[in-house]
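Q: Pasting in a structure now, in structure tokens, and then I'll have a few things to ask.
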Amino acid sequence: MAALPSEAATPSVPIAAAVMAEEPARSRRGWVHSLDLYIPAGVLVLLLLACFVWPLVYKLPPPVGGSILDASLPLGSPGHILGTDSVGNDIMSRLLYGGRVSFEVMFAVQGIGLVVGGFIGVAAASFSGLAEATVMRVLDVLIAFPAIVIALAIVDGLGAGEADIIWALAVVSIPTFARVARSGAVRVRDQTFVVAARLSGSKRWRTNLRHVLPNILPQLITFAVLGAAIVVILEATISFFGYGIPPPGPSWGNMIAAGQQVMSNEPALLLVPSIVLLVTVVALNTLSEALRARWGVVR
Amino acid sequence: MSASAVVPTSAAPEHPQEDEGLRWRTALASSPTVRLAGRRILIAIPVMWGVTFLSAILMNLLPGDAASALLGANATPLEVHQLSIKLHLNEPFLLRYWHWLVGVLHGNLGASLQNGQSVGQILGQHLPITLELVVLSSIVMLVISVPLALLCARRPGGILDRITMVLSMGFLSVPQFVLGLLFVLVFAVIWRVFPALGYTSITQSLGENLRDMTLPALTIALPSAGFYVRLLRADLLEQMQSEDYVVTARAKGLGTWHILTRHAFRNSLIGFITILGLNVATLFAYTVIVEEIFGLPGIGYQLLTGIGNRDAPLVQGIVLVFAGVVVLANLITDVLYGVIDPRIRYGRAAL
Amino acid sequence: MTTLNGSDAASGVAPLGIGGVATTETTGRPTGEKVLLEVRNLVQEFQIRNFGGVKGGVLQAVSNVSFEMRAGETLGVVGETGSGKSTLARSVIQAPPPKSGQVLFEGVDLVKLGRRQVAPLRRHLQMVFQDPYGSLDPKWRVNDIVAEPLVAYKDGDRAQRRARVAELLELVGLDPNIHGRRRPGQLSGGQAQRVAIARAIALNPQLVICDEAVSSLDVLVQAQVLNLFEKLRGELGLSYLFIAHDLALVKQVSDRVMVMYLGKLCEVGPSEAIYREPLHPYTLALLRSIPDPDPEVDQVNMREVISGELPSPIHPPSGCRFRTRCPRAQERCITEVPELQMLRKDHLVACHFPLPSSAEVAPGGGAPTAPAWTPGMTQGVER
Chain V
24 MAALPSEAAT
34 PSVPIAAAVM
44 AEEPARSRRG
54 WVHSLDLYIP
64 AGVLVLLLLA
74 CFVWPLVYKL
84 PPPVGGSILD
94 ASLPLGSPGH
104 ILGTDSVGND
114 IMSRLLYGGR
124 VSFEVMFAVQ
134 GIGLVVGGFI
144 GVAAASFSGL
154 AEATVMRVLD
164 VLIAFPAIVI
174 ALAIVDGLGA
184 GEADIIWALA
194 VVSIPTFARV
204 ARSGAVRVRD
214 QTFVVAARLS
224 GSKRWRTNLR
234 HVLPNILPQL
244 ITFAVLGAAI
254 VVILEATISF
264 FGYGIPPPGP
274 SWGNMIAAGQ
284 QVMSNEPALL
294 LVPSIVLLVT
304 VVALNTLSEA
314 LRARWGVVR
Chain C
7 MSASAVVPTS
17 AAPEHPQEDE
27 GLRWRTALAS
37 SPTVRLAGRR
47 ILIAIPVMWG
57 VTFLSAILMN
67 LLPGDAASAL
77 LGANATPLEV
87 HQLSIKLHLN
97 EPFLLRYWHW
107 LVGVLHGNLG
117 ASLQNGQSVG
127 QILGQHLPIT
137 LELVVLSSIV
147 MLVISVPLAL
157 LCARRPGGIL
167 DRITMVLSMG
177 FLSVPQFVLG
187 LLFVLVFAVI
197 WRVFPALGYT
207 SITQSLGENL
217 RDMTLPALTI
227 ALPSAGFYVR
237 LLRADLLEQM
247 QSEDYVVTAR
257 AKGLGTWHIL
267 TRHAFRNSLI
277 GFITILGLNV
287 ATLFAYTVIV
297 EEIFGLPGIG
307 YQLLTGIGNR
317 DAPLVQGIVL
327 VFAGVVVLAN
337 LITDVLYGVI
347 DPRIRYGRAA
357 L
Chain H
25 MTTLNGSDAA
35 SGVAPLGIGG
45 VATTETTGRP
55 TGEKVLLEVR
65 NLVQEFQIRN
75 FGGVKGGVLQ
85 AVSNVSFEMR
95 AGETLGVVGE
105 TGSGKSTLAR
115 SVIQAPPPKS
125 GQVLFEGVDL
135 VKLGRRQVAP
145 LRRHLQMVFQ
155 DPYGSLDPKW
165 RVNDIVAEPL
175 VAYKDGDRAQ
185 RRARVAELLE
195 LVGLDPNIHG
205 RRRPGQLSGG
215 QAQRVAIARA
225 IALNPQLVIC
235 DEAVSSLDVL
245 VQAQVLNLFE
255 KLRGELGLSY
265 LFIAHDLALV
275 KQVSDRVMVM
285 YLGKLCEVGP
295 SEAIYREPLH
305 PYTLALLRSI
315 PDPDPEVDQV
325 NMREVISGEL
335 PSPIHPPSGC
345 RFRTRCPRAQ
355 ERCITEVPEL
365 QMLRKDHLVA
375 CHFPLPSSAE
385 VAPGGGAPTA
395 PAWTPGMTQG
405 VER
């Protein structure tokens, strides 16, 4: 039966519209064909290493508390590869520590979303009738809200800080996961092997855990990577508008905001974090496309 | 030899119509499109209510209140208290919500807590701007993505295709605010072609209006175009590469372009429109950001300041309108879906 | 004659199975009295939902069907696509439960019991599905798949279960060491179906429903799997409800055959009788439609036995549902729904004007207007 399109598994943000049903490409043809997977994965690994490991190994100038005497140094200055900002903080260092924030938020939000949202979605697929309709409506309502508005509102209420951002974005992320998980679970539960498993005597929770979940996990993970890109963007947006990490703490978003102030004179301040942000998001998106090509996607 | 009687296949005889009205009503009730629309509307009402209720709860949960936000940090507690009473903030939450709901059902959206202006009036002032932005962006986005997708699907792997894929990936990965800033940097600061901020009403000068809207519209349109181009292209390619009717068409001697535009495109249209409809909400989210950056006095800006000032009636009113638009978009999408694909309209017998 | 408890040397019967019923070897006709499954007035309906969830009518897939099965027999169910045979099977195992009617398994009405109470009874009633791959979780290994029922019913500890799984795999003709660790994607269609069978018999059920279990297999593999069914029947004393659309196939394996059309039972009887002397015009049409590759034999003019197309199941014809395609239909067929009547021993038919046979004249029927069916007309079904 044709499913209602607005009931399809589509979260609100277009980038995360996991609707393209591409055939999984079963290629065991060697590493060349897996380049589309390895390159973005490699880039991400490099970024993660740079942000989390590099500062431990190599002594960088601190991201905050820079001396005003060093203010506004250009690119390539000795001791400050990427220069400094208007209060003297080292850009490179701020970039890396800001990256930590972005990645931490990304992992945390998607992790919470995957676990909680996945659980809700699979459980919701077991309902029928009125309960199912209600859950669907609630999810619809939550997803109908523009994510950024909810996130800003929550952060406004909770206050700035990394944990608050995580909670705010998790609230937005969980319903989308729930919907994807639910529609995947509904698709799987109608398959014969689930019926057969139930006939073999397995109870419902058991079949959900051992049969449904493993079979929707690839789609959930693909969706998680896709959503990760959005989370990074949202976190940057929140920080940009001043609701995120309070200054002088570094975050790509507020670095860009600072760059906006001095845009006419020193475009580098704006461009550098923008480029890094762009690269990260592109890597995440390409990775998710590679995953989608391999694992197919819930329509 | 066989003495089979003439046997009618259908068992139910026709009932005589009693009057024109009855016939009309039965015809209307049995039209699948009408029933679909009716059912969707019925479902939409609780959704819309739910959205407003959720926003009301959210507003209520936010720490602080309108009175203190409006008076600022220097106000005395007495002043805050007096203002609170004036704004009815001392009443319990549900009561306030109930008043508001009743008002809405009578067509009155209440008054903004910030300046006492009627919410309906505020909407009337600012909503058109946002709508204009949305419409412009959508047009630009469609004008870019649809032909581009067709051209790419015609020669997959070709130069245009590869460039498009790279560029689209880049554009869809850029956050709106970054793109907006970059545009301002390039076009307003460096080259001084477009204004960085500000807005001129359409009634004053069409040319100026469009000039002001260009960068904002592009900021929204380009990332979306990046996304939709890939979507449409992938769908078209899927049609061209794996559908039997394409093979048949080619066997008949039809050219690739003809097949693409006349046949494959129509089939892809359904999925395309579906996603477009579903992402109306996201489009509004983008307008919020873009309005903030470019200083456009649209509804998104009002929403943000409303939240900041804890202006519950304003926020709820905006959310209501927004939810209505989303629901309407979904409904149109569903109906369009049925119109385009007759199979869906009439359903199929199960089993 | 065989007795319930002993074996009869003359008929060379295999030892008793769980049903406690001995069968003769050649015809497989059960001589035991125990009724294993009794279905009364089964009705199953589906709500048709058009686009957008708008309700579009009710489809009655199974319409007031009643029959019974004895222990140790194979009851074949035959019909076109849309006849309701698969739905019938699903209703019997309560997945989903039927809208109304009774399903008495060993005297217990499964319909009346709630979902929880049916569950423990399921170990006696199992099913093998049509799609060999579809019924196996692609992410599980064969060992785990076969062990699942044992785990669910907590049969034995790990070591015992492993041994039992190995035993079951060997029973169905697979090698536990080779195939046990594989995933369904690494098996052939026949092997996958064998795994499904192994799982189905893991708990020693009494009744196994085969829902088109061999229909999607290659012909040679079909034969192998059918042989397996037969072997298991002998060794384990299973009863089968065998559903298929291939008439020749059903005849091969069944003791008795049920013919369904648009949700209703047309004819029930011993398989020999059905084939040699069908009483229902639809059965005749099905038999006539079996092609004979022998160019010498005259091609059957199907228009003589059946005409028109399958009516919509949502709005079935009034009275006898087959009347719109039946060359023998008359006024009475429009108004009166035919009930199942026993015209011969063990042979029931639901028709106002059943086909005459050489032995008896059908009571209450009109003048025969279609050529009587004689042996040899059914090409290629010689036993």
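Chains as they are written, first to last, in my numbering: chain V, 24 to 322; chain C, 7 to 357; chain H, 25 to 407.
For each residue, glycine too, the CB sits at the ideal point set by N, CA and C.
1. Can you tell me which of the three DSSP states T136(C) falls into?
2. Quick one, are the C-beta atoms of A113(H) and S159(H) less than 8 Å apart?
3. Quick one: what does DSSP say D59(V) is sitting in, helix, strand or coil?
4. Compare the C-beta of S179(C) with all C-beta atoms of chain V and state if any pair is closer than 8 Å.
5. Applying a beta-carbon distance threshold of less than 8 Å, which residues of chain H neighbour A220(V)?
6. Closer than 7 Å, Cβ to Cβ, to anything on chain D: give me those residues from the region 139-151 of chain H, in chain order.
7. Go ahead and label R140(H) buried or exposed: buried means 16 or more other beta carbons lie within 10 angstroms of its beta carbon, across all protein chains shown.
8. Interface residues of chain H around S225(V) at Cβ under 9 Å?
9. In chain V, which residues lie with their C-beta within 7 Å of the C-beta of G96(H)?
10. Are the beta-carbon atoms belonging to V86(H) and V67(H) less than 8 Å from one another?
11. Report yes or no: do three or more beta-carbon pairs, one from the region 58-70 of chain V and one from the region 295-310 of chain V, lie closer than 8 Å?
12. In this structure, does DSSP put V101(H) in helix, strand or coil?
13. With 16 other CB atoms within 10 Å as the buried threshold, where does R117(V) fall?
14. At 8 Å on the CB atoms, spell out the chain H contacts of A238(V), in chain order.
15. Residues of chain V with CB under 8 Å from D155(H), in chain order?
16. Closer than 8 Å is the cut-off here; do at least three beta carbon pairs connect the region 161-181 of chain C with the region 214-229 of chain C?
17. Among G130(C), L93(C), V140(C) and A155(C), whose alpha-carbon lies nearest the alpha-carbon of V332(C)?
18. Going by DSSP in three states, D340(C) sits in which element: helix, strand or coil?
19. Along the region 139-165 of chain V, where does the CB come closer than 8 Å to a CB of chain C? Name the residues.
20. Alpha carbon to alpha carbon, how far is G232(C) from Q186(H)? Give it in angstroms, no decimals.
21. Distance check for Q230(H) and V189(H), CA to CA, integer angstroms please.
22. Report the three-state DSSP secondary structure of S331(H) (helix, strand or coil).
23. Indicate whether the contact test is met: 3 or more Cβ pairs, each with one atom in the region 246-260 of chain V and one in the region 190-207 of chain H, closer than 8 Å.
24. To the nearest angstrom, how far is it from the Cα of V385(H) to the Cα of I117(H)?
25. Identify each residue in the region 104-126 of chain H for which the Cβ-Cβ distance to at least one residue of chain V is less than 7 Å, and report them in chain order.
26. Please confirm whether P181(C) and F300(C) have their CB atoms less than 8 Å apart.
27. Decide if the region 287-295 of chain H is in contact with the region 257-268 of chain H; the criterion is three or more beta carbon pairs, one per stretch, under 8 Å apart.
28. By the three-class DSSP mapping on this structure, what secondary structure does E289(V) have?
29. Is any beta-carbon of chain V found at less than 8 Å from that of T288(C)?
30. Closer than 9 Å by beta-carbon distance: list the chain C residues that pair up with P290(V), in chain order.
31. With DSSP collapsed to three states, give me the class of L372(H).
32. Which first and last residues belong to the alpha helix (DSSP H) in which G304(C) is found?
33. Provide the residue span of the beta strand (DSSP E) that contains L2(C), from first to last.
34. Look at L262(H) and V283(H) and say whether their C-beta atoms are less than 8 Å apart.
35. Taking the straight line between their C-alpha atoms, what separation do you get for R64(H) and T215(V)?
36. Name the two residues that bound the continuous alpha helix (DSSP H) containing C357(H).
A: According to the structure data:
1. helix
2. no
3. helix
4. yes
5. Contact of A220(V) with chain H by beta-carbon distance below 8 Å involves D161 and E172.
6. The question asks about chain D, but that chain is absent: this structure's protein chains are V, C and H.
7. exposed
8. E172, P173, V175 and A176
9. Chain V residues near G96(H): none, gap ~22 Å exceeds 7 Å.
10. For V86(H) and V67(H), yes; Cβs fall inside 8 Å.
11. Cβ pair count under 8 Å is three or more, so yes.
12. strand
13. buried
14. This sequence places Asn at residue 238(V); Ala is not what is there. Per Cβ cutoff of 8 Å: D161, P162 and K163.
15. T215
16. The region 161-181 of chain C vs the region 214-229 of chain C: in contact.
17. V140(C)
18. helix
19. R160, V161, D163, V164 and L165
20. Note on residue identity: the sequence assigns Arg, not Gln, to residue 186(H). Those two C-alpha atoms are separated by around 55 Å.
21. 19 Å
22. coil
23. no
24. The pLDDT assigned to V385(H) is 41, lower than 50, so where the model puts this residue is not dependable, and the model offers no usable value.
25. I117 and A119
26. no
27. no
28. coil
29. yes
30. L191, V195 and I196
31. strand
32. Run containing G304(C): none; DSSP gives neither H nor E here.
33. Chain C is shown only over 7 to 357; residue 2(C) falls outside these bounds and no answer can be derived.
34. no
35. CA-CA distance, R64(H) to T215(V), rounds to 27 Å.
36. For C357(H), the enclosing alpha helix (DSSP H) has its first and last residue at E355 to T359.
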